[in-house]
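Quick notes on the structure that follows.
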Amino acid sequence: MGGWMILWMTLGGLTWILLAALVASIITGGWSRRNSERERESPLDIARRRYASGELSEEEFERIRRNLN
Numbered sequence: 339m340g341g342w343m344i345l346w347m348t349l350g351g352l353t354w355i356l357l358a359a360l361v362a363s364i365i366t367g368g369w370s371r372r373n374s375e376r377e378r379e380s381p382l383d384i385a386r387r388r389y390a391s392g393e394l395s396e397e398e399f400e401r402i403r404r405n406l407n
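Numbering of the sequence shown is given in the working numbering, commencing with residue 339 and proceeding in unit increments.
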């Protein structure tokens, strides 16, 4: 009986861990929302964000904007 008891205790523990991970994923919104927000951002939006943060100079931003239009 000892071998079966250890097996069922292990499976029970893994079930609780997986259930807790599932609940945490649902509560935090999961991974798909974060990825889909990045996928919806257009190249021009990325350039605008980088220009606003100072990563791009005005000349670089204008060159990118012209190339994208």
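Backbone N, C-alpha and C define an ideal beta-carbon position, used for all residues, glycine too.
Residue interval of the alpha helix (DSSP H) (run including residue i)
| i | result |
| --- | --- |
| Leu409 | Given a span of 339 to 407 for the chain in the structure shown, any question on residue 409 remains unanswerable. |
Simplified DSSP state of residue i, which is helix, strand or coil
| i | result |
| --- | --- |
| Glu393 | coil |
| Glu400 | helix |
| Thr405 | Rather than Thr, the amino acid found at residue 405 in this sequence is Asn. In the structure shown, Asn405 sits in a helix (DSSP, three-state: H, G or I). |
Exposure label - residue i; buried when at least 16 CB within 10 Å
| i | result |
| --- | --- |
| Ala390 | exposed |
| Ala362 | exposed |
| Ala385 | buried |
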